[in-house]
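J.: Have a look at this one.
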Amino acid sequence: MAPRLQLEKAAWSWAETVPPEEVAQEHIEAAYRVGLEPCQRGACRRNCRGNPNCLVGIGEHVWLGEIDENTFHNIDDPNFERRKKNAFVGLTNLGATCYVNTFLQMWFLNLELRQALYLCPITRPVPVTAEGIPANKDYEPRTICEHLQYLFALLQNSRRRYIDPSGFVKALGLDTGQQQDAQEFSKLFMSLLEDTLSSQKNPDVRNIVQKQFCGEYAYVTVCNQCGRESKLISKFYELELNIQGHKQLSDCITEFLKEEKLEGDNRYFCETCQSKQNATRRIRLLSLPGTLNLQLMRFVFDRQTGHKKKLNTYIEFSELLDMVPFMEDKAGASEYELSAILIHRGVSAYSGHYIAHVKDPQTGEWYRFNDEDIEKMEGKKLQLGAEEDLEPSKAQIRKPKCGKGVYRSRNAYMLVYRLQTREKSLTVEIPAFLQELVEQDNSRFEEWCAEMAEMRKQSVARGKVKHEEVKELYQRLPAKAGCPYDFVSLEWLQQWLDEATPPKPIDNTACLCSHGKLHPDKVPTVKRVSEYVADYFYQRYGGGPRLTVKALCRECVVERCRVLRLKNQLNEDYKAVANLLKGPVKWYVGPRSGTGDVGMLVPEAPPSCEFSSPPLCSDEGFWVGKSSLRSWRQLALEQLDDAEEDLDPSNGNMNGDVKSKDETVTEKQEEEDWKFNEDIVCSHGNLCISENERRVVSQEAWQKLHCYFRSAPEFPTSQDSCAQCKVLEREGEENEALHKMMAGEQKLSLPNLFQDKSRPCLSSWPEEADELYVVSKFFVEEWRKFVRRPTQCSPVSSVGNRDLLCPHGGLMFTFASMAKEDSKLIALIWPSEWGKIQKLFVVDHTIRVVRRRPAEVGPDSLLYVTEPELCSECREGLLCQQQRDLREYAQATIYVRKVVDNTKVMKDSAPELNVSSSEAEEEREEARLEGDPDPDFNQASSNPKRQKVSHTNYAAYQKQGIRRSTRHRKVRGEKALLVSANQTLKDLKIQIMHAFSVAPFDQNLSIEGMTLTEDSATLGSLGVTPESVVLLKADEPVVDYAAIDDVMQVCMPEEGFKGTGLLGH
């Protein structure tokens, strides 16, 4: 037994020998554990929750002794946010903007680009107030160029360790939570910047993007027949190099420039030959920019999945790159040196992290830029090992050894080279206006640092005062024997000793009982402290109510004592009651008559079993329910447990989360179906009339039961049964007899209709009749239910044919529809049966079908006429309504069947990926009662209002649960999917991909011979209705489940930079 349970048992051990009326003060103090010995420091490893005098392990160890001043606050040193000497400034990652940060750092270290941007003039508006006085308002860049200027100025002279680029990102309209393609961002931003600077007057500013990043190459096509050469000159800002199948950068460039043969269908039209001829085509590099960007195409399209994937293969590149062998003009200077490498860490194209390695053009030192963190490489050497070893790999790939000046990487996606002849001693000065803005930001940063330092200083001062306070008060915290004391919440004491949480006012309300005093069960949540310390606490921190020695609740202790004694006595009383119920008597009162008179004394009877005909001693007995007698011990135990819980206002919650009174009552009503002896209480609150459900017990047995169930209904044997129930019983018996008689007469009158025998059919009109009558199928079904179970079902009094008519009184069905699809809605009646129906039931409208032989047509021609006639307008509206309903559904079942050559059914390709199965639905369908609605055909709640085409009665008739579709029989290779009418065909293809492992672009879907091709169309508009069968023909079955991992990650269509400022120009 746990120590806490041992303490609780010891606190109430006296209750076994002390009756409730003899509870004294010493028993009350024992229940509240006032006399327990306090624990000593060192002897207790943790606080004893069952001992209110244990004050060890509540958080005092932090304060007893010498402690570090840094523990008095949780504020980091503001100098940690300060930029180090000769260090670069980082950029905050706003969520998934690491790809933006890498390019910003690389462009910032392009000194020519930075200097040109600083030369771009800025229109600085001077905000003024309504009185014309200049307003002191922070500068806000408006154009992309101004944002980039301000950002570069902060990166150059800010005192912060890192800055926030949110203004720049917001100006571009980028989604900070979605990682985009870094290469695409580079292209679009360079195009935007070039377009923005094109209006500048200064040519050094206007042409900076072309000078730095723009080169020229020519597409050269040579005719094999005549040798004619045609050139198409084009500009480029980066070379996109294919790395698949290559190991060295030079091989990638060679493939980019290799010759391509134009043959067959791809032949070239030669203007000299005036016909299509075989030709060769290649790219010739005409001029290279000062900064050469080489895009390594690591992210390629995978046809099998329909999405991008990353090529994690090693590519070797050198620190020096000689482009002379690749140039058409070999005379120019084309020797480059490596200046930056952009890295993508991650195995997937849709996740990962971007960092940049950039060389400082002024010092030649390499730096690793990782958002806020910037690391300087040792020895002016590029180090890529850390990035290459971070990705988890299924197979260990041995990293190739590199020679001097040569590097290998499987994560580099962009290499930046700069011409060696370029000047490296360029010094870039910040314009005065931008420098002023930077100084303002630095001033704000210094103010923040001073504020943080002052807050740290104040926290330390408060901590020292608290330290001295705790050291003094903790020594006087224990309450000595015989001295006044208070109970204080343990939770509050722990907050008082917590260095990080300032104490709130003392709140003892969660420890109170219903009498406003300390609850005995709350002793583990409080501690007994001296009156001196309690006075200090309430004077310093306030709160309440105070729990002094007067807060010990005598009422709760007495009640708990009574409950414990009853629990201990329960087993003995159970045996005693059982003996009293089984014991024989020599004289007993005979059974009570139905009139309520007590029977006379009869001679000795044999011993009765527990629930046989009840013997009763000559003394008056009591009626008790048999169900109550069978489970009275369990009910008594539950009631005693509930009594203990009722004493606890928070229902055992130690946090003081007290439930409201209404919540407690609701929970009790849900838990308690019935109480003791309520099983013989009728709905009028009197004794029930059924003697089979109750028996008589002696007065002695009732007294023992009444000790446990004080509020139980009490029915002496002299009390008569409920008079109202007797009247209702007699009326019910009379009604049942009447219903049986009615059902028998109607069954004899209409035997064939009841047994569904010899029924007429419109498709094969009977020769012996020229007219047939029509009633609703619902009427026939309800009438049959009544005839089968007249005592359980209500009698049918009328034939409601109004439901088959429209508001104009016309029939809603044609003769042909009643013979086929609408035959389930109607029942045909013989003329002989119709006369009996008119006598037995009230008929509101007569509907009949008449067969006529018009003389003008011919003796063999037959004409079928309905009375009343068909209402064509309402019939057409009904058909339109039904078609709309089929196209406006939610969570309906359709079936997808995989076929080969439209004939052969394939086996299931991936049953473990099946997200829906029809077996369970078929079982539910078989168990569904007649008339229940079909869950596979629920109308969407958001449907627009439709024009009413029929009477409200007819609309109600349509809701009577009549299924139009027959049960679908699933075939092999077919799977059931839950769909809605408003979901698109693309959504359905994704579901099919999960079920069959067939990528969406490999799916050929058709329904009833019509091919489904428009991915954005809804299923309702495509004619996909509930229970439809969609045929799936796959171009290439995909058996590699890992190949569709990226498809499952990007079920939403890629939109790239759609809607951002990068496409606004």
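For reference, each letter of the sequence shown is one residue, going 8 to 1072 in this note's numbering. Glycine included, each C-beta is placed from N, C-alpha and C at the ideal position. All values derive from a computational prediction rather than experimental measurement.
Using only the alpha-carbon positions, how far apart do residue 294 and residue 368 sit?
T.: Position 287 of the sequence shown, counted from the first residue, corresponds to residue 294. Position 361 of the sequence shown, counted from the first residue, corresponds to residue 368. If you take the alpha carbons of residue 294 and residue 368, they lie about 23 angstroms apart.
J.: Is the segment 58–69 close to the segment 442–462, with three or more CB pairs under 8 angstroms?
T.: At 8 angstroms Cβ cutoff, the stretches do not touch.
J.: Okay, do the segment 369–386 and the segment 104–118 touch, 3+ Cβ pairs below 8 angstroms being the bar?
T.: Enough Cβ pairs lie closer than 8 angstroms, so yes.
J.: Can you tell me whether residue 95 is buried or exposed? The criterion is at least 16 other CB atoms within 10 Å of its CB, across all chains shown.
T.: Taking the sequence shown and counting its residues from 1, the one referred to as residue 95 is at position 88. By the 10 Å Cβ count, residue 95 comes out buried.
J.: List the DSSP bridge partners of residue 983.
T.: Here the question's residue 983 lines up with position 976 in the sequence shown. Note: residue 983 sits in a beta bridge opposite 902.
J.: When you compare only the Cα positions, how much space is there between residue 985 and residue 156?
T.: As a working mapping, residue 985 is identified with position 978 in the sequence shown. As a working mapping, residue 156 is identified with position 149 in the sequence shown. So the alpha carbons of these two residues sit roughly 55 angstroms apart.
J.: Does residue 298 pass the burial test, meaning 16 or more other C-beta atoms within 10 Å, or should it be called exposed?
T.: The residue given as residue 298 occupies position 291 in the sequence shown. It is buried - the Cβ of residue 298 has at least 16 other Cβ atoms within 10 Å.
J.: Kindly list the residues whose CB is nearer than 6 angstroms to the CB of residue 427, restricted to its own chain and excluding five residues on each side of it in sequence; keep chain order.
T.: Start at 1 with the first residue of the sequence shown, and residue 427 comes out as number 420. Contacts found: 342 and 344.
J.: Have a look at 127, 274, 553 and 730 and flag the residue whose alpha-carbon is nearest the alpha-carbon of residue 209.
T.: As a first step, residue 209 is located in the sequence shown; it is residue number 202 there, counting from the start. Out of 127, 274, 553 and 730, 127 has the C-alpha closest to the C-alpha of residue 209.
J.: On the three-pair Cβ rule with 8 angstroms, is the segment 778–798 touching the segment 744–752?
T.: Cβ pair count under 8 angstroms is three or more, so yes.
J.: Where does residue 110 sit, in a helix, a strand or coil, going by DSSP?
T.: Taking the sequence shown and counting its residues from 1, the one referred to as residue 110 is at position 103. Three-state result, residue 110: helix.
J.: Under DSSP, the alpha helix (DSSP H) around residue 19 begins and ends at which residues?
T.: Here residue 19 refers to the residue found at position 12 when the sequence shown is read from its first residue. Neither: residue 19 is in no alpha helix (DSSP H) and is coded neither H nor E.
J.: Among the residues of its own chain, which have a CB less than 8 angstroms from the CB of residue 850, if the five just before and after it don't count?
T.: Taking the first residue of the sequence shown as 1, we reach residue 850 at position 843. Correct list, in chain order: 805, 806, 808 and 844.
J.: Should residue 391 and residue 416 be called a contact, given that it needs their Cβ atoms to be closer than 7 angstroms?
T.: As a working mapping, residue 391 is identified with position 384 in the sequence shown. As a working mapping, residue 416 is identified with position 409 in the sequence shown. In contact: residue 391 and residue 416 (Cβ atoms closer than 7 angstroms).
J.: Using the C-alpha atoms, what's the distance from residue 703 back to residue 632?
T.: As a working note, residue 632 is residue 625 in the sequence shown. As a working note, residue 703 is residue 696 in the sequence shown. One C-alpha to the other measures close to 9 angstroms.
J.: Whose C-alpha, out of 520, 291 and 315, is nearest the C-alpha of residue 266?
T.: Within the sequence shown, numbered from 1, the residue matching residue 266 stands at position 259. Minimum Cα distance to residue 266 is reached at 291.
J.: Is residue 928 helix, strand or coil when you go by DSSP?
T.: As a first step, residue 928 is located in the sequence shown; it is residue number 921 there, counting from the start. Unreliable positioning characterises residue 928 in this predicted model, as indicated by a pLDDT of 39, which lies under 50. The coordinate reading is nonetheless provided below. Here residue 928 sits in helix by DSSP.
J.: Could you tell me which uninterrupted beta strand (DSSP E) segments, each at least 3 residues in length, are contained entirely in the segment 757–799, listed from first to last along the chain?
T.: List check, beta strand (DSSP E) in window: 778–783.
J.: In the structure shown, what three-state DSSP assignment does residue 383 receive?
T.: As a first step, residue 383 is located in the sequence shown; it is residue number 376 there, counting from the start. It is a strand residue.
J.: Does the segment 95–104 come close enough to the segment 478–488 that 3 or more CB-CB pairs lie under 8 angstroms?
T.: Contact fails: fewer than three Cβ-Cβ distances are below 8 angstroms.
J.: If we count the other Cβ atoms within 10 Å of its Cβ and call it buried at 16 or more, is residue 831 buried or exposed?
T.: For this step, residue 831 is matched to residue 824 along the sequence shown. Exposed, since its Cβ has fewer than 16 Cβ neighbours within 10 Å.
J.: Would residue 52 be called buried (16 or more neighbouring beta carbons within 10 Å of its own) or exposed?
T.: Residue 52 sits at position 45 when you count from the first residue of the sequence shown. Looking at its Cβ environment, which holds fewer than 16 other Cβ atoms inside 10 Å, residue 52 is exposed.
J.: CA-CA distance, residue 247 and residue 301?
T.: In the sequence shown, residue 247 corresponds to position 240, counting from 1. In the sequence shown, residue 301 corresponds to position 294, counting from 1. Those two C-alpha atoms are separated by around 6 angstroms.
J.: Helix, strand or coil, according to DSSP, for residue 123 in the structure here?
T.: As a first step, residue 123 is located in the sequence shown; it is residue number 116 there, counting from the start. Helix.
J.: CA-CA distance, residue 495 and residue 27?
T.: Counting from one through the sequence shown, the residue named residue 495 turns up at place 488. Counting from one through the sequence shown, the residue named residue 27 turns up at place 20. In a straight line, the C-alpha of residue 495 is about 28 angstroms away from that of residue 27.
J.: Would you say residue 701 and residue 630 are within 7 angstroms of each other, going by their C-beta atoms?
T.: Position 694 of the sequence shown, counted from the first residue, corresponds to residue 701. Position 623 of the sequence shown, counted from the first residue, corresponds to residue 630. Result yes, Cβ atoms of residue 701 and residue 630 sit closer than 7 angstroms.
J.: On the DSSP bridge list, what partners appear for residue 485?
T.: Taking the first residue of the sequence shown as 1, we reach residue 485 at position 478. Answer is 536, bridged to residue 485.
J.: Could you check whether residue 533 and residue 504 sit closer than 7 angstroms to each other, using their CB atoms as the reference points?
T.: For the purposes of this step, residue 504 is taken as residue 497 along the sequence shown, with counting starting at 1. For the purposes of this step, residue 533 is taken as residue 526 along the sequence shown, with counting starting at 1. Not closer than 7 angstroms, so no.
J.: What does the Cβ neighbour count give for residue 18, buried or exposed, with the cut at 16 atoms within 10 Å?
T.: Locating residue 18 in the sequence shown gives position 11, where the first residue counts as 1. Residue 18 comes out buried.
J.: Taking 7 angstroms as the threshold (C-beta atoms), are residue 41 and residue 568 in contact?
T.: Position 561 of the sequence shown holds residue 568. Position 34 of the sequence shown holds residue 41. Not a contact, by the Cβ cut-off of 7 angstroms.
J.: Starting from residue 503, trace the alpha helix (DSSP H) both ways and give me its first and last residue.
T.: Within the sequence shown, the letter at position 496 stands for residue 503. Here the alpha helix (DSSP H) through residue 503 covers 497–503.
J.: With residue 459 and residue 82 assumed to form a contact (beta carbons below 8 angstroms), what rounded beta-carbon distance in angstroms separates them?
T.: For the purposes of this step, residue 459 is identified with residue 452 of the sequence shown, where counting begins at 1. For the purposes of this step, residue 82 is identified with residue 75 of the sequence shown, where counting begins at 1. Yes, residue 459 and residue 82 are in contact; Cβ-Cβ is about 6 angstroms, under 8 angstroms.
J.: Helix, strand or coil for residue 336 per DSSP?
T.: Position 329 of the sequence shown, counted from the first residue, corresponds to residue 336. It is coil, neither helix nor strand.
J.: What does a CB cutoff of less than 8 angstroms around residue 303 pick up in its chain, not counting 5 residues either side in sequence?
T.: Within the sequence shown, residue 303 is the residue found at index 296, counting from 1. Cβ neighbours of residue 303 beyond the five flanking positions: 248, 250, 259, 322, 419, 420, 421 and 422.
J.: Within 6 angstroms: the Cβ of residue 907 and any heavy atom of the ligand FAD?
T.: Ligands displayed in this structure: none; no statement on the ligand FAD is therefore possible.
J.: Looking at C-alpha atoms only, which residue of 688, 695, 848 and 768 is the closest neighbour of residue 826?
T.: Along the sequence shown, read from residue 1 onward, the residue named residue 826 stands at position 819. Closest option to residue 826, Cα to Cα, is 768.
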